[in-house]
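**Student:** Using UniProt numbering, read the sequence shown as starting at 1 and increasing by one per residue.
Note that the Cβ used here is the ideal one computed from N, Cα and C, for glycine as well.
From a predicted model like this one, the values you see are computed outputs, not experimental measurements.
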Amino acid sequence: MSLLTLLCSKLVALPHVGFYANCGKLKVARSLFERISEPDLATWNTLLVAYANSLFDSEVLRLFVDMSVRPNEVSLVALIKSCANLGVLKGGLWAHGYLLKNNLSLNEFIGTSLIDLYSKCGSLKFARQVFDKMSKRDTLCYNAMIRGLAVHGFGQEAIEFYKKMISQGLIPDEATFVVTISACSHSGLVDEGLQIFHSMEAVYAMEPKVEHYGCLVDLLGRSGRLEEAEECIEKMPMKPNATLWRSFLASAQTHSDSERGEIALKHLLGLEFENSGNYVLLSNIYAGVNRWDDVEKTRELMKHHLVNKSPGISIID
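Below is the structure:
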């Protein structure tokens, strides 16, 4: 008897579905799952969660439709997360309705998933309604609400939620600072963003990572404080990544600072010289200050590095 034949027996296959799913061997897990004549709810959920965690969102939706047992809260979390990632509001609304009709618990996992779904689909009103109805809210729940407000430009409201979270005795995590400082950045709340960034170490003994410095550079750069943004980059305890330099380059373009745009591009070329968007940004900076010779030089630099301009990206002709 082969090993595969042995695993196909129901008693052996059930635990192995979970084992292979948790190890990221989804094809093996799915193969074993399909050989089980009547999978129980736990087995369905194991596969749903594995697909959701691996961002196979379309497969989550297909698998959910095929379920032969009634879903529970775990099933719904996987479905809602995938609907959020795909922007399928209708599926999320169905899950929310199913939750209410069957008197299932609006716990912090489902609540956070629904807040994320509604925020990503532009329904902040529904997101806030879910938040208000939750009996227990954790840091992840607040993060989702702050992120949703930030994305839609409600920076001041996002900060209010951050303050409310602190007043409730919850400890912010790394993601909290990313979404809150980003909210400040997109709403021009520079002083508030600086204060929140510095509180990471001063109040919570949390060492900022590159993504936090990236938010800080974006915060300063968007507001035109490019000199401070540059100083921040120079004093970072770790090497800036391409995302951070691209943010600095974009700010240089916004404020027509060709000198700092050149600095940003120089570093970007060492990290991702084939990204045409970087050259386009620098070219637009030059064009904005009528440095047409440098626009042409940037074109030649692109050709030298064999970069093809992406469709939809306009470089000054």
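1) Report, in whole angstroms, the separation of the C-beta atoms of E262 and L281, which I expect to be a contact under 8 Å.
2) According to the Cβ coordinates, are E192 and C141 closer than 7 Å?
3) Decide if N22 is buried, meaning its Cβ has at least 16 other Cβ atoms within 10 Å, or exposed.
4) Grouping DSSP H, G and I as helix and E and B as strand, with all else coil, what is D293?
5) In whole angstroms, what separates the C-alpha of G312 from that of R137?
6) Do S113 and V60 have their beta-carbon atoms positioned less than 7 Å apart in this structure?
7) At which residue ranges does the segment 195-273 contain complete alpha helix (DSSP H) runs of 4 or more residues, listed in the order of the chain?
8) Which whole-angstrom value describes the C-beta separation of A175 and N143, a residue pair presumed to lie in contact below a C-beta threshold of 8 Å?
9) I'd like the span of the alpha helix (DSSP H) that includes C141, first residue to last.
10) Just to confirm, is the Cβ distance from L106 to M134 under 7 Å?
11) From N284, G288 and N275, pick the residue whose C-alpha is nearest to that of H304; which is it?
12) Can you grab the Cα-Cα spacing for the pair T248 / V28, in whole Å?
13) Measure the alpha-carbon distance for D293 versus S251 and round it to whole angstroms.
14) Determine the closest residue to L124 out of G153, G224 and L26, with distance taken between C-alpha atoms.
15) Select from H198, V190, Y204 and L149 the residue whose C-alpha is nearest the C-alpha of L226.
16) Ordered along the chain, which non-local residues of its own chain (more than five positions away) have a Cβ less than 8 Å from that of E230?
17) For V217, which residues of its own chain have a beta-carbon under 7 Å away from its beta-carbon, when the five flanking residues on both sides are left out?
18) Return helix, strand or coil for N107, following the three-state DSSP convention.
19) Given D257, which residues of its chain have a CB within under 6 Å of its CB, disregarding the five upstream and five downstream residues?
**Tutor:** With the structure as the only source:
1) Locating residue 262 in the sequence shown gives position 262, counting from the first residue. Locating residue 281 in the sequence shown gives position 281, counting from the first residue. L281 and E262 do not touch by the CB rule: their CB atoms are close to 11 Å apart, not below 8 Å.
2) If you number the sequence shown from 1, residue 192 lands on position 192. If you number the sequence shown from 1, residue 141 lands on position 141. Contact: no.
3) In the sequence shown, the residue the question calls residue 22 occupies position 22. Classification of N22: exposed, given that the 10 Å Cβ count is below 16.
4) Residue 293 sits at position 293 when you count from the first residue of the sequence shown. Note: D293 maps to helix in three-state DSSP.
5) Within the sequence shown, numbered from 1, the residue matching residue 312 stands at position 312. Within the sequence shown, numbered from 1, the residue matching residue 137 stands at position 137. Residue placement at G312 cannot be trusted, given a pLDDT of 44 that sits under 50; what the coordinates show is reported in the next sentence. Between G312 and R137, the alpha-carbon positions lie close to 43 Å from each other.
6) Against the sequence shown, residue 60 aligns to sequence position 60. Against the sequence shown, residue 113 aligns to sequence position 113. Not closer than 7 Å, so no.
7) Runs of the alpha helix (DSSP H) inside the segment 195-273: 210-222, 226-235, 242-254 and 258-272.
8) As a first step, residue 175 must be located in the sequence shown, where it is residue number 175. As a first step, residue 143 must be located in the sequence shown, where it is residue number 143. At roughly 5 Å, the Cβ-Cβ gap stays under 8 Å, so A175 and N143 are in contact.
9) Along the sequence shown, read from residue 1 onward, the residue named residue 141 stands at position 141. Taken as a continuous stretch (DSSP letters only), the alpha helix (DSSP H) holding C141 covers T139 to V151.
10) Taking the first residue of the sequence shown as 1, we reach residue 106 at position 106. Taking the first residue of the sequence shown as 1, we reach residue 134 at position 134. Yes; because the gap between Cβ atoms is below 7 Å, this pair is in contact.
11) Against the sequence shown, residue 304 aligns to sequence position 304. Ranking N284, G288 and N275 by Cα distance to H304 puts N275 first.
12) Counted from its first residue, the sequence shown places residue 248 at position 248. Counted from its first residue, the sequence shown places residue 28 at position 28. Note that residue 248 is Phe in the sequence shown, not Thr. Taking the straight line from one Cα to the other gives about 45 Å.
13) On the sequence shown, residue 293 is found 293 positions in, with the first residue counted as 1. On the sequence shown, residue 251 is found 251 positions in, with the first residue counted as 1. C-alpha separation (whole angstroms): 22 Å.
14) Position 124 of the sequence shown holds residue 124. The shortest Cα separation from L124 among G153, G224 and L26 belongs to G153.
15) For the purposes of this step, residue 226 is identified with residue 226 of the sequence shown, where counting begins at 1. The shortest C-alpha separation from L226 is found at V190.
16) Taking the sequence shown and counting its residues from 1, one reaches residue 230 at position 230. Same-chain partners within the cutoff: F248, R260 and I263.
17) Reading the sequence shown from its first residue, position 217 is the one you call residue 217. Cβ neighbours of V217 beyond the five flanking positions: A229, C232, I233, L244, S247 and F248.
18) Stepping through the sequence shown from its first residue, residue 107 is reached at position 107. In this structure, DSSP gives N107 a state outside helix and strand, which the three-state scheme calls coil.
19) Here residue 257 refers to the residue found at position 257 when the sequence shown is read from its first residue. Answer for D257: L226, listed in chain order.
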